[in-house]
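Letter by letter, the sequence shown follows residues 16 to 306 of the numbering used here. The structure under discussion appears below in the form of structure tokens.
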Amino acid sequence: MTLSANGLKARLHAPDIVVAPGVYDALGASLAEQAGFDTVYLSGASLAYTQLGRPDIGLLSLSEVNDALSHIRERTEASIVVDCDTGFGNAMNVMRSVRMLERSGANAIQLEDQTYPKRCGHLRGKTLVPTGEMVGKLKAALDARHSDETLIIGRTDALAVEGTEGAIERARAYRDAGVDMLFIEGIRSDEDIARIMAEFRGQVPIMANMVEGGDTPLQNAEALQALGFSLVIFPGALVRALTHMASQFFTTLRRDGTTDAFRDRMLDFTQLNEYLGTQSMLELGQKYENR
16 MTLSANGLKA RLHAPDIVVA PGVYDALGAS LAEQAGFDTV YLSGASLAYT QLGRPDIGLL
76 SLSEVNDALS HIRERTEASI VVDCDTGFGN AMNVMRSVRM LERSGANAIQ LEDQTYPKRC
136 GHLRGKTLVP TGEMVGKLKA ALDARHSDET LIIGRTDALA VEGTEGAIER ARAYRDAGVD
196 MLFIEGIRSD EDIARIMAEF RGQVPIMANM VEGGDTPLQN AEALQALGFS LVIFPGALVR
256 ALTHMASQFF TTLRRDGTTD AFRDRMLDFT QLNEYLGTQS MLELGQKYEN R
């Protein structure tokens, strides 16, 4: 059973860290909710990987993100944190993005300070917009939202470009602009974490990003909570797990000409329909037939 989606703001200020698995569609979000997660992260990277079969290098459009969000919101009551990349343009584009995503059910919207098109935070060669431009975009986002329960997350990728002090300076500016949470991407060391927490802990919630094989060493939620983080996302983990499984599945099918050797790692037709609630939906439809 999930908590109310409207409670994300309060949960981020509670002692316990919020853990948000990355998802890219309604099935993944419903599986996460069934497993007991009250918050999911709609990952732009995962959308690019799965919908386009391409890397996270700024190829997605706002409408593609919004369509995925709409389907997820229809299926789940969990809180949804949405990766809005750079806002898909300037401050005016950011305002439109925030309004559209909020209407479609976003509980938090993340905006980053890369130039457009952006690239994954754990890829090299990133470039940033000026701090003043990003502050303007964040203020536009805050002004555009209908409710202050819709959270605005300010992300900086400056660690890889301008170093720790540059990232902290940008994060200060974003905090002062009024964001609800800070996300300093690509943290590489305990020293960076200590500097960041010394500056911001207790002032604004801080978000952590766990990417398997990425720049930031993997830590569990309990350890991240002790360090002072309020939210941790695992944005691409589901895609990496499914890609590994799917490659084995296709190898088996190609080799054997049947799925029989893989069936112990699959749901069968009946099991999948039980999970999806097929029978109850058909019965609901029958209530309205020939009335």
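Note that beta-carbon positions come from the ideal geometry of N, C-alpha and C, so glycine has one too.
Practice task
Output the residue ranges of the alpha helix (DSSP H) runs that lie fully inside the segment 211–254 and measure 4 residues or longer, sorted by chain position.
Solution key: Fully contained in the segment 211–254 are the following alpha helix (DSSP H) runs of length 4 or more, in chain order: 236–242.
Exercise for the section: Name the residue from Gly272, Glu79, Asp283, Glu214 whose alpha carbon lies nearest to the alpha carbon of Tyr64. Expected result: When each option's Cα is compared against that of Tyr64, the closest is Glu79.
Exercise for the section: Compute the distance between the beta-carbons of Ala173 and Ile199, then report whether it is under 9 Å. Expected result: Taking the C-beta atoms as reference points, Ile199 is found nearer than 9 Å to Ala173.
Handout entry: Cα-Cα separation between Ile208 and Gly300, rounded to whole angstroms
Key = Cα-Cα distance, rounded: 54 Å.
Handout entry: Meets three-Cβ-pair contact criterion under 8 Å: the segment 89–100 and the segment 112–125
Key = With a cut-off of 8 Å on Cβ pairs, the segment 89–100 is in contact with the segment 112–125, counting three or more such pairs.
Exercise for the section: Taking only the alpha-carbon atoms, compute the straight-line gap between Lys24 and Ala182 and give it to the nearest angstrom. Expected result: So the alpha carbons of these two residues sit roughly 24 Å apart.
Problem - Rounded straight-line distance, which links the Cα of Glu180 to that of Glu206 - result: Straight-line Cα distance between these residues: approximately 12 Å.
Handout entry: Given Ser61 as reference, the closest of Arg270, Leu253, Leu282, Asp283 once Cα atoms are compared
Key = When only C-alpha atoms are compared, the closest one is Leu253.
Problem - Residues bridged to Gln129 (per DSSP) - result: The partner list for Gln129 (beta bridge, DSSP) reads Leu143.
Handout entry: Candidates Asp283, Ser204, Gly120, Ile248: closest to Leu27 by CA position
Key = Ranking the options by Cα distance to Leu27, first place goes to Ile248.
Practice task
Please determine, among Ala186, Gly243, Asn235, the residue with the shortest C-alpha to C-alpha distance to Gly217.
Solution key: Residue Gly243 is the option with its Cα nearest to Gly217.
Exercise for the section: Determine which residues share a DSSP beta bridge with Leu153 and list them. Expected result: Paired residue(s): none; Leu153 is not in a bridge.
Handout entry: Where Met281 falls, given that 16 or more other Cβ within 10 Å makes a residue buried
Key = Burial call: exposed.
Exercise for the section: Just the C-alpha distance for Thr17 and Ile124, rounded to the nearest angstrom, thanks. Expected result: Confidence is the limiting factor: at Thr17 the pLDDT is only 39, short of 50, which leaves the residue's position unreliable and the question unanswerable from this model.
Exercise for the section: Find out if the Cβ-Cβ distance for the pair Leu143, Glu184 is shorter than 9 Å. Expected result: No. Outside cutoff.
Exercise for the section: Using alpha carbons as the reference points, say which of Asp275, Thr91, Glu148, Gln263 lies closest to Val109. Expected result: Distances from the CA of Val109 to each of Asp275, Thr91, Glu148, Gln263 were compared; the closest alpha carbon is that of Glu148.
Exercise for the section: Give a yes or no on whether the C-beta atoms belonging to Gly102 and Lys152 are separated by under 9 Å. Expected result: Going by C-beta atoms, Gly102 is nearer than 9 Å to Lys152.
Practice task
Name, in chain order, the residues that DSSP records as bridge partners for Arg269.
Solution key: Arg269 has no beta-bridge partner at all, per DSSP.
Exercise for the section: Leaving aside the five residues before and after Met212 along the sequence, list all residues of the same chain whose C-beta is less than 8 Å from its C-beta, in chain order. Expected result: Excluding positions up to five away in sequence, the list reads Ile221, Leu242, Gly243.
Practice task
Please determine, among Asp271, Ala223, Asp195, Val219, the residue with the shortest C-alpha to C-alpha distance to Ser204.
Solution key: Between Ser204 and the set Asp271, Ala223, Asp195, Val219, the nearest pair of CA atoms involves Ala223.
Exercise for the section: Go ahead and label Leu287 buried or exposed: buried means 16 or more other beta carbons lie within 10 angstroms of its beta carbon, across all protein chains shown. Expected result: Exposed, because fewer than 16 other Cβ atoms sit within 10 Å of the Cβ of Leu287.
Problem - Straight-line Cα distance separating Leu239 from His161 - result: Distance between His161 and Leu239, taken at the CA atoms: about 32 Å.
Handout entry: Residues near Arg354 in its chain [Cβ-Cβ closer than 7 Å; skip 5 each side]
Key = As displayed, the chain neither begins before 16 nor continues past 306, which places residue 354 out of reach and without an answer.
Problem - Which listed residue (Val219, Gly104, Pro250, Ala47) has its alpha carbon closest to that of Gly228 - result: Ranking the options by Cα distance to Gly228, first place goes to Pro250.
Problem - Euclidean distance between Cα positions of Gly22 and Asp271 - result: Cα-Cα distance, rounded: 50 Å.
Problem - Beta-carbon proximity of Thr267 to Thr274, cut-off 9 Å - result: Cβ atoms of Thr267 and Thr274: closer than 9 Å.
Handout entry: Gly292 classed as buried or exposed, judged by whether at least 16 other C-beta atoms fall within 10 angstroms
Key = Around the beta carbon of Gly292, fewer than 16 other beta carbons lie within 10 angstroms, which makes this residue exposed.
Problem - Among His86, Asn235, Tyr189, Pro145, the one whose alpha carbon lies nearest that of Arg170 - result: Comparing Cα-Cα distances from Arg170 to each of His86, Asn235, Tyr189, Pro145, the minimum goes to Tyr189.
Problem - 3-residue-minimum beta strand (DSSP E) runs that sit fully inside the segment 159–208, ordered along the chain - result: The qualifying runs are 166–171, 196–199.
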